[in-house]
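First comes the structure, then the notes that go with it.
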Amino acid sequence: MRRTPSAAEFGAQRTEMVEWQLRRRGIGDQRVLEAMATVPRELFVPERDRRRAYADSALPIGHGQTISQPWIVAAICEALALEGSERVLEIGTGSGYSAAVLAMLADEVITVERVEELAIAARRLLAEIGISKVEVVVGDGSAGLPDRAPYEAIAVHATAPSPPSTLIEQLAPGGRLVIPIATDAADMLTVFRRLEGQVDPKTGGGLERMVIGPCRFVPLIGSEGYPE
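Note that the numbering used here has the sequence shown beginning at 1, numbered continuously upward.
Here is the structure:
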């Protein structure tokens, strides 16, 4: 059985990941690169897969969920265009890794996970490594958290059949929603930016839309996504 790498070896893998998987593949936001170089991804991966923590792929974390490929996490963070003062809503806590990265880029992160066991584990781990700017909530993330809105940024780590109108309504003017949208060809990671004034979700009025590219995520389960 192969041994688990040491902390120093993981650090070297993290540096290599940032250079080869992120910077050389187009991630240019220096704050995002620094956050990805800081957060110990190996701690968010189950022990059985820990030596693969910095592989260029998603990894299973149980309950039919995954920790996303590093490039996807970085691409979502970069697309949110965070400056440090924002309140971010994250849908799909999973292991807590993306929330940890977001916490280094924003002022406050509220993350929603529908699987209670994952939420409890993520909350515990984030506390253990000293990340205090993340609040983990158990619930239907597809509907967001309207009582805490508005949010300057919303990140969704699950594929929706269409942009959830409730999440768009919870965006502050100028805020960005990054979400995978299902199409006939593939899931497409998409950025929606809310403009000033009213938004018409049916026509897309009041929104700017930009497609980052194809991706693969688990489906968004809930009232604004797919049935369980």
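Every residue, glycine too, gets a C-beta built ideally from N, C-alpha and C.
Inter-residue spacing [alpha-carbon to alpha-carbon] between residue i and residue j
i      : j      : result
Val191 : Arg124 : 31 Å
His63  : Leu189 : 23 Å
Glu228 : Phe217 : 15 Å
Phe147 : Leu102 : Sequence inspection shows Asp at residue 147; the Phe mentioned does not correspond to that position. In a straight line, the C-alpha of Asp147 is about 21 Å away from that of Leu102.
Glu152 : Glu86  : 6 Å
Leu126 : Glu16  : 24 Å
Thr66  : Ile154 : 19 Å
Ile72  : Ile27  : 10 Å
Gly206 : Glu83  : 23 Å
His157 : Ala35  : 18 Å
Ile221 : Glu169 : 19 Å
Ser95  : Gly225 : 21 Å
Pro214 : Ala75  : 12 Å
Whole-Å CB distance - residue i paired with residue j, under 8 Å assumed
i     : j     : result
Ala53 : Arg41 : 5 Å
Asp56 : Gln21 : 5 Å
Leu43 : Cys77 : That belief does not hold up - the Cβ atoms of Leu43 and Cys77 are roughly 18 Å apart, past 8 Å.
Option nearest residue i by Cα separation, candidates the options
i      : options                        : result
Val134 : Glu113, Leu22, Asp147          : Glu113
Glu108 : Ile120, Ala149, Ile76, Glu117  : Ala149
Pro173 : Thr183, Leu195, Ile154, Val156 : Leu195
Val39  : Val18, Arg25, Arg23            : Val18
Gly11  : Arg176, Arg51, Arg23, Glu47    : Arg51
Asp187 : Ala79, Thr111, Pro219          : Pro219
Val137 : Ala121, Leu105, Ile129, Ile61  : Ala121
Inter-stretch contact (C-beta, 8 Å, three-pair minimum) for the segment 142-157 and the segment 79-97: Enough Cβ pairs lie closer than 8 Å, so yes.
In chain order, what are the residue ranges of uninterrupted beta strand (DSSP E) at least 3 long that sit wholly in the segment 30-114? Every unbroken stretch of the beta strand (DSSP E) spanning 3 or more residues and falling wholly within the segment 30-114 is given here in chain order: 59-62, 65-67, 87-91, 108-113.
With three or more C-beta pairs closer than 8 Å as the rule, is the segment 178-187 touching the segment 152-162? Touching, yes, given that three or more Cβ pairs across the two stretches are closer than 8 Å.
Which parts of the segment 146-224 are runs of the beta strand (DSSP E), unbroken and 3 residues or longer, counting only runs that do not cross its ends? Counting only runs of 3 or more, we get 151-156, 171-182, 187-194, 207-215.
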